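*Asks:* Residue numbers (my numbering): 2 to 561.
The C-beta atom is built at its ideal place from N, Cα and C for all residues, glycine as well.
Since this is a predicted model, take the numbers as computed values, not measurements.
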């Protein structure tokens with residue numbers, strides 16, 4: 002049986018787990034070095050490999066949840082990026098709500114995928130030269146209706162590769178999403194282009210580690226809880242954003258006893274991630290992930306991040322305890338500069354960590370001006386932590402109940418969500434989850450292996466992806482933009498919805514093979530489908546099919 006290592010790079014710690022099948026063999030933790038994310042990753046990987054049973058041999062697969070893409074976008078460390086857009090007629094491109102430099106090009110594709118205006122190659126060259134002269138180091142190319150005909154994007158890609166190789170590769174919008182939301186597709190492609198060079202450098206580093214340790218396949222966790230082959234991430238780095246919340250949620254799915262209508266918390270050192278389940282399924286961001294204010298088309302779970310963690314800075318003014326959102330370092334018990342919720346737990350005997358006397362002395366110094374005993378202040382801090390988390394959960398549910406919500410497989414039309422159970426993970430979870438559950442009046446579960454549950458989530462995840470199929474029998478044309486696939490419909494009069502479904506499933510299997518995943522047709526499901534007649538002069542001249550097919554979400558359950 003093969004072995005599997007999962008590593009999650011968190012804001013405070015990097016956690017790792019070694020699995021054999023559904024069994025946990027070892028868990029380890031190392032501090033995250035934000036100046037060099039590779040340091041903690043290498044340390045965790047080395048220690049986990051040392052835990053491999055010597056009497057057993059087998060391939061070791063590695064799953065990584067990394068903050069590289071997220072941090073690069075949030076901190077603005079991506080390459081300066083411009084976007085060549087093909088807006089077509091009738092659109093004021095200047096009004097598009099996107100914060101990137103846009104270079105509009107002539108040429109047009111209509112809503113059915115027909116070319117209604119040719120590209121001007123000289124205009125493309127001039128736009129690329131202008132972008133280069135302005136200091137832009139990365140380019141994206143996005144046509145308004147490119148998911149229905151991507152030939153213009155391909156022509157521009159080929160021209161740039163041949164004549165401006167220093168700016169290649171470029172990101173093409175249709176390959177990242179088959180959806181038509183033009184502003185979100187522009188933003189998604191631009192962000193992908195901006196972090197592509199950083200991702201390529203990261204992939205080279207991981208490939209070197211893979212060769213050094215003779216590892217098997219390496220996968221990266223995506224925002225939707227699926228995995229992406231390492232080599233493919235160079236082209237689709239944007240899909241690895243928000244993999245931290247995804248790791249938390251997948252860890253919950255792998256370990257929780259009951260998730261029917263649960264709220265899940267991952268309490269880290271810096272933040273607490275809040276996820277929601279309805280009918281046993283996690284809620285999803287229907288339109289796509291939003292990161293640092295950028296709306297994208299990246300499939301993602303619904304989650305909210307709260308600036309509240311075990312290492313958050315605590316202040317006290319004599320009446321009110323304030324926690325976070327800043328983290329100023331480790332707890333005082335571990336040699337840190339400021340009192341944290343962890344120090345309160347240590348002082349109360351709820352955790353054995355570092356030097357309890359240091360924590361007690363720091364609480365004494367904080368409470369003395371107000372005549373407050375250290376234990377009383379510690380209890381106030383714990384109560385404030387639980388109250389802040391509970392209030393945030395209530396705000397999340399208020400937000401969800403004010404708009405349509407979706408799980409990964411269905412819309413919860415008209416459903417009013419209410420948590421019935423609290424599930425928690427993370428280092429401080431064992432102490433804080435019972436308190437938060439009490440505050441909310443909910444039964445709770447602290448997950449087994451709660452300190453490494455996010456790494457287990459990364460390890461337990463499997464490949465996921467989706468493709469979009471569009472078929473127009475009047476034009477006798479079928480396209481799958483994510484695959485650069487275009488084909489003629491040989492028998493348009495007999496091409497019906499069932500034929501479209503089967504073709505979508507076949508193309509999804511082909512996509513899986515391209516991604517390095519062994520997926521069978523039975524593992525594909527149709528999640529969206531629409532059919533409408535094409536009418537001309539009061540007569541039906543054909544049908545238009547729009548389908549979306551995806552791998553059925555699965556999770557490796559962990560035994561304990």
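Sorted by chain position, which residues of the same chain lie with C-beta nearer than 6 Å to residue 434's C-beta, five sequence neighbours on each side aside?
*Replies:* So the qualifying residues of the chain are 425, 445 and 447.
*Asks:* Looking at C-alpha atoms only, which residue of 354, 533, 24 and 489 is the closest neighbour of residue 542?
*Replies:* Comparing Cα-Cα distances from residue 542 to each of 354, 533, 24 and 489, the minimum goes to 533.
*Asks:* Looking only at its own chain, which residues have a Cβ that is under 8 Å from the Cβ of residue 16, when we skip the five neighbours before and after it?
*Replies:* If we look at residue 16 and ignore the five residues flanking it on each side, its Cβ neighbours are 8, 9, 28, 29, 30, 45, 452, 453, 455 and 456.
*Asks:* Scan the region 449 to 512 and note each continuous beta strand (DSSP E) run of 3 residues or more that stays entirely inside, going in chain order.
*Replies:* Complete beta strand (DSSP E) runs here, min 3: 467 to 473, 478 to 481 and 486 to 489.
*Asks:* Out of 175, 153, 93 and 372, which has the shortest C-alpha to C-alpha gap to residue 116?
*Replies:* Nearest option by C-alpha distance: 153.
*Asks:* Opposite residue 306 in the DSSP bridges: which residues?
*Replies:* According to DSSP, residue 306 bridges with 274.
*Asks:* Can you tell me which of the three DSSP states residue 204 falls into?
*Replies:* Helix.
*Asks:* Nearest CA to the CA of residue 102: which residue from 92, 138 and 482?
*Replies:* Taking only the C-alpha atoms, the option nearest residue 102 is 138.
*Asks:* Taking DSSP as the reference, what is the three-state secondary structure of residue 97?
*Replies:* Coil at residue 97, not helix or strand.
*Asks:* CB-CB under 6 Å to residue 304, same chain, minus the five flanking residues each way: which ones, in chain order?
*Replies:* If we look at residue 304 and ignore the five residues flanking it on each side, its Cβ neighbours are 246, 274 and 276.
*Asks:* Is it a yes or a no for the region 474 to 485 touching the region 172 to 179, going by three-plus beta-carbon pairs under 8 Å?
*Replies:* The region 474 to 485, when compared against the region 172 to 179, does touch it at the 8 Å Cβ threshold.
*Asks:* Quick one: what's got a C-beta closer than 8 Å to residue 227's C-beta in the same chain, skipping five residues either side?
*Replies:* Within the same chain, residue 227 has close Cβ partners 462, 463, 464, 465, 466, 552 and 554.
*Asks:* Rounding to the nearest angstrom, what Cα-Cα distance links residue 384 and residue 221 in this structure?
*Replies:* Their Cα atoms are separated by approximately 38 Å.
*Asks:* Going along the chain, which residues of its own chain have a beta-carbon closer than 6 Å to the beta-carbon of residue 438, five neighbours each way excluded?
*Replies:* Cβ within range, chain order: 423 and 445.
*Asks:* Short of 8 Å in beta carbon distance, which residues of its chain neighbour residue 285, apart from the five on each side in sequence? Order them along the chain.
*Replies:* 225, 300, 301, 302, 303, 407, 408 and 409.
*Asks:* How long is the line joining the alpha carbons of residue 487 and residue 47, rounded to whole angstroms?
*Replies:* Their Cα atoms are separated by approximately 46 Å.
*Asks:* Quick check on the burial criterion: 16 or more other C-beta atoms within 10 angstroms. Buried or exposed for residue 140?
*Replies:* So residue 140 ends up on the buried side.
*Asks:* Candidates 133, 208, 272 and 517: which alpha carbon is nearest residue 430's?
*Replies:* With distances taken between Cα atoms, residue 430 lies closest to 272.
*Asks:* By DSSP, does residue 1 sit in helix, in strand, or in coil?
*Replies:* There is no way to answer for residue 1, as the model of the chain reaches only from 2 to 561.
*Asks:* Does the ligand ADP have even one heavy atom less than 7 Å from the beta-carbon of residue 351?
*Replies:* The model on display carries no ligand, and the ligand ADP is accordingly not part of it.
*Asks:* Classify residue 547 as helix, strand or coil using the three-state DSSP reduction.
*Replies:* Residue 547 falls in the strand class under three-state DSSP.
*Asks:* Provide the residue span of the beta strand (DSSP E) that contains residue 102, from first to last.
*Replies:* Counting along the chain, the beta strand (DSSP E) containing residue 102 begins and ends at 102 to 105.
*Asks:* How about residue 549 and residue 469: do their beta carbons lie closer than 8 Å?
*Replies:* Yes, the Cβ-Cβ distance between residue 549 and residue 469 is below 8 Å.
*Asks:* Considering only residues of the region 35 to 98, which uninterrupted alpha helix (DSSP H) runs meet the minimum length of 4 residues and lie entirely inside it, listed in chain order?
*Replies:* Here the runs fully enclosed are 38 to 51 and 69 to 75.
*Asks:* Could you name the residues of the same chain whose beta carbon sits closer than 6 Å to that of residue 427, not counting the 5 residues immediately before and after it, in chain order?
*Replies:* 267, 268 and 269.
*Asks:* State buried or exposed for residue 512, treating a residue as buried only when at least 16 other CB atoms are found within 10 Å of its CB.
*Replies:* Burial call: buried.
*Asks:* For residue 299, name the three-state secondary structure that DSSP assigns.
*Replies:* DSSP places residue 299 in coil when its eight states are reduced to three.
*Asks:* Do the CB positions of residue 527 and residue 557 come within less than 8 Å of each other?
*Replies:* Not closer than 8 Å, so no.
*Asks:* Helix, strand or coil: how does DSSP classify residue 317 here?
*Replies:* Residue 317: strand per DSSP, three-state reduction.
*Asks:* Can you give the Cα-Cα distance for residue 355 and residue 330, rounded to whole angstroms?
*Replies:* Using only the alpha carbons, I get a separation of about 14 Å.
*Asks:* In this structure, does DSSP put residue 537 in helix, strand or coil?
*Replies:* Note: residue 537 maps to strand in three-state DSSP.
*Asks:* Over what stretch of residues does the alpha helix (DSSP H) that includes residue 152 continue unbroken?
*Replies:* Counting along the chain, the alpha helix (DSSP H) containing residue 152 begins and ends at 152 to 164.
*Asks:* The beta strand (DSSP E) spanning residue 446 covers which residue range?
*Replies:* Its beta strand (DSSP E) spans residues 445 to 447.
*Asks:* Please list, in chain order, all residues of the same chain as residue 498 whose beta carbon is under 8 Å from its beta carbon, the five residues on each side excluded.
*Replies:* Counting only Cβ-Cβ distances below 8 Å, and skipping sequence neighbours, we find 530, 532 and 546.
*Asks:* Quick check on residue 437: does DSSP put it in helix, strand or coil?
*Replies:* Three-state result, residue 437: helix.
*Asks:* What are the partner residues of residue 4, as DSSP defines its beta bridges?
*Replies:* In DSSP, residue 4 forms a bridge with 21 and 61.
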